[in-house]
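Asks: Residue numbers (the numbering used here), protein chains in the order written: chain F, 1 to 112; chain X, 1001 to 1113.
Backbone N, C-alpha and C define an ideal beta-carbon position, used for all residues, glycine too.
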C-alpha cells in the first residue's frame, strides 16, 4: 500500500462545476496535510494546508480532512479552465520530521 | 517576502559529465532546504534535505550529492551523470515550523543524453 494515494485521472469537469479531488494516506498518526497545484512544466504551488478534522475554506477552494477515515479532499467550486492542472496531495507522516510524502497527483481538466 | 531561485532553468548534459545545480532563498533565515526530483509522469521523489549549514540528510542512495555551504544556499551535484538522472529538479524551502509547509523554486529541467 502506498503511503499517499491519489487517483491519477484525468478528472474532467465542465466549467462552473465543482471538482472533487481525493487523497488517502496510510499513516494514522499523520498531522499535516497539503494540496499543491502543478501546471504542466511548472513547479508545484502550495494552495491549501489543513491540520484539523473538518473543512477549511479559502476562496473557491475547500480542503476537507477526516483523520478517522484517513482521507483528505480538495473541492474546487466554480471550476475554471485555468484550474486545469495536476493536484498533488502531500502528508507529513509520523516521525517524518518536516519531510513531505507526496501522492502521484490527479490531473484535472476543466472543459468549456 | 521570501523568494527562492534556482539555476539553470534547463540543462542538457552528456552521460558521464558532472552536474551542479544551485538554489538560493531570500527573505528568511535558517530555512529547511530540500531537493526533489520529478521524473516524467512520476511523482516527487525527495533526494536530500538540510536543517542547517553543513547538515545534509540523504533519502535515496545514488550518484548525487548535496551541500549547504551557506544558510540560504543549497547545491546538488554529481560527478558522473547517468541517463536515469534526467528529470525535473526542484528545490524547496520550509520555515522549519511544526506545520511543515514547503515552497518550491521554479525548477531545473535536466536532460542527460
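If you follow the beta strand (DSSP E) that residue 57 of chain F is part of, which residue opens it and which one closes it?
Replies: Residue 57 of chain F -> beta strand (DSSP E) spans 54 to 58.
Asks: Can you give the Cα-Cα distance for residue 42 of chain F and residue 54 of chain F, rounded to whole angstroms?
Replies: One C-alpha to the other measures close to 30 Å.
Asks: Drop a sphere of 10 angstroms on the beta-carbon of residue 6 of chain F, count the other beta-carbons inside from all chains shown, and report buried for 16 or more, exposed for fewer.
Replies: Residue 6 of chain F comes out buried.
Asks: Please list the partners that residue 1101 of chain X has in chain F, where partner means a Cβ-to-Cβ separation under 7 Å.
Replies: Result: 34, 46, 49.
Asks: Would you be able to state if there are at least three C-beta pairs under 8 Å between the segment 1066 to 1084 of chain X and the segment 78 to 85 of chain F?
Replies: No: fewer than three Cβ pairs fall under 8 Å.
Asks: When the cut-off is 9 Å and only beta carbons count, does residue 1072 of chain X lie next to chain F?
Replies: Chain F, which has no Cβ nearer than 9 Å to the Cβ of residue 1072 of chain X, makes this no.
Asks: Report yes or no: do the segment 1082 to 1096 of chain X and the segment 19 to 29 of chain F share at least 3 C-beta pairs separated by less than 8 Å?
Replies: They do not touch, by the three-pair rule.
Asks: Between residue 60 of chain F and the rest of its own chain, which residues show a CB-CB distance below 7 Å, the 5 nearest in sequence each way excluded?
Replies: 76, 77, 78, listed in sequence order.
Asks: Residues in the same chain with beta-carbon distance under 6 Å from residue 1032 of chain X, minus the five sequence neighbours each way, listed in chain order, please.
Replies: Only 1051, 1094, 1096 meet the Cβ criterion.
Asks: For residue 1034 of chain X, which residues of its own chain have a beta-carbon under 6 Å away from its beta-carbon, when the five flanking residues on both sides are left out?
Replies: Same-chain partners within the cutoff: 1049, 1092.
Asks: Going along chain X, which residues have a C-beta under 8 Å from residue 53 of chain F?
Replies: Result: empty, since nearest Cβ-Cβ is about 16 Å, beyond 8 Å.
Asks: Counting along the chain, where does the beta strand (DSSP E) carrying residue 116 of chain F start and finish?
Replies: This structure leaves residue 116 of chain F out entirely; chain F is present only between 1 and 112.
Asks: Under the DSSP definition of a beta bridge, which residues are partnered with residue 51 of chain F?
Replies: Residue 51 of chain F is not bridged to any residue.
Asks: Less than 7 Å between C-beta atoms, sequence neighbours within five positions excluded: which residues of the same chain meet that for residue 1058 of chain X?
Replies: Counting only Cβ-Cβ distances below 7 Å, and skipping sequence neighbours, we find 1048.
Asks: Does DSSP classify residue 14 of chain F as helix, strand or coil?
Replies: DSSP places residue 14 of chain F in strand when its eight states are reduced to three.
Asks: Output needed in chain order: residues of the segment 1048 to 1060 of chain X with a Cβ under 7 Å from some Cβ in chain F.
Replies: Listed by position along the chain: 1049.
Asks: Can you confirm whether residue 1106 of chain X, when its beta carbon is compared against all beta carbons of chain F, has any partner nearer than 9 Å?
Replies: Yes, its Cβ sits closer than 9 Å to a Cβ of chain F.
Asks: Does DSSP classify residue 1083 of chain X as helix, strand or coil?
Replies: Looking at residue 1083 of chain X - three-state DSSP - the assignment turns out to be helix.
Asks: To the nearest angstrom, report how far apart residue 136 of chain F and residue 106 of chain F are at their CA atoms.
Replies: Absent from the model: residue 136 of chain F. The displayed extent of chain F is 1 to 112, so no value can be given.
Asks: Does the structure place the segment 66 to 73 of chain F close enough to the segment 94 to 110 of chain F that three or more beta carbon pairs sit under 8 Å?
Replies: The segment 94 to 110 of chain F is not in contact with the segment 66 to 73 of chain F.
Asks: Would a C-beta distance cut-off of 9 Å place residue 1025 of chain X and residue 1056 of chain X closer than the cut-off?
Replies: For residue 1025 of chain X and residue 1056 of chain X, no; Cβs fall outside 9 Å.
Asks: Quick check: the Cα distance between residue 1012 of chain X and residue 1099 of chain X, rounded to an integer number of angstroms?
Replies: Spanning the two alpha carbons is a distance of roughly 37 Å.
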